[in-house]
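Numbering follows this note's numbering, with no gaps: position 66 of the sequence shown is 128.
Worksheet for the structure shown next.
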Amino acid sequence: MEIQVVKIGNSKGIRLSKTLLERYNIKDKLEIIFEKGYLILKPVSKPRLGWEEAFKEMHDNLEDQLLFDDIFPEENPEEWK
């Protein structure tokens with residue numbers, strides 16, 4: 063796919079179609095990766111966004127209980143010191 067480089071003020075930039083933005087879940091930011099003569103554009107994602115609030119809510123609702131023991135019977139916690 064070819065796209066035009068366009069003048070934006072004193073700089074230049076590219077425009078991405080709405081279809082590409084939606085298909086690749088591109089919002090406000092892109093990460094640029096420089097690799098072997100290529101520029102790779104990658105959507106910036108924050109997969110843990112909102113986790114802090116969710117954990118606080120779980121704690122407030124007393125829902126932050128372990129589902130299984132944090133060590134297994136055959137483990138020796140002394141090995142990790």
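Note that the Cβ used here is the ideal one computed from N, Cα and C, for glycine as well.
Quick one, are the C-beta atoms of residue i and residue j less than 8 Å apart?
{"i": "L103", "j": "I94", "result": "yes"}
{"i": "N87", "j": "P109", "result": "no"}
Which partner residues of residue i appear in the DSSP bridge assignment?
{"i": "S73", "result": "I70"}
{"i": "Y100", "result": "E97"}
{"i": "P105", "result": "L92"}
May I have the straight-line CA-CA distance separating residue i from residue j, to the nearest angstrom?
{"i": "K74", "j": "E97", "result": "21 Å"}
{"i": "D131", "j": "N138", "result": "13 Å"}
{"i": "L111", "j": "H121", "result": "18 Å"}
{"i": "E140", "j": "E125", "result": "30 Å"}
{"i": "K69", "j": "E115", "result": "42 Å"}
{"i": "E136", "j": "F117", "result": "30 Å"}
{"i": "W142", "j": "L128", "result": "21 Å"}
{"i": "K91", "j": "S79", "result": "15 Å"}
{"i": "T81", "j": "F134", "result": "49 Å"}
If you drop the 5 nearest sequence neighbours on each side, which residues of the same chain put their C-beta closer than 8 Å to that of residue i?
{"i": "I76", "result": "I65, Q66, V67 and V68"}
Once you ignore the five residues that flank residue i on each side, which residues in its own chain have a CB closer than 6 Å to its CB?
{"i": "S107", "result": "none"}
{"i": "R85", "result": "none"}
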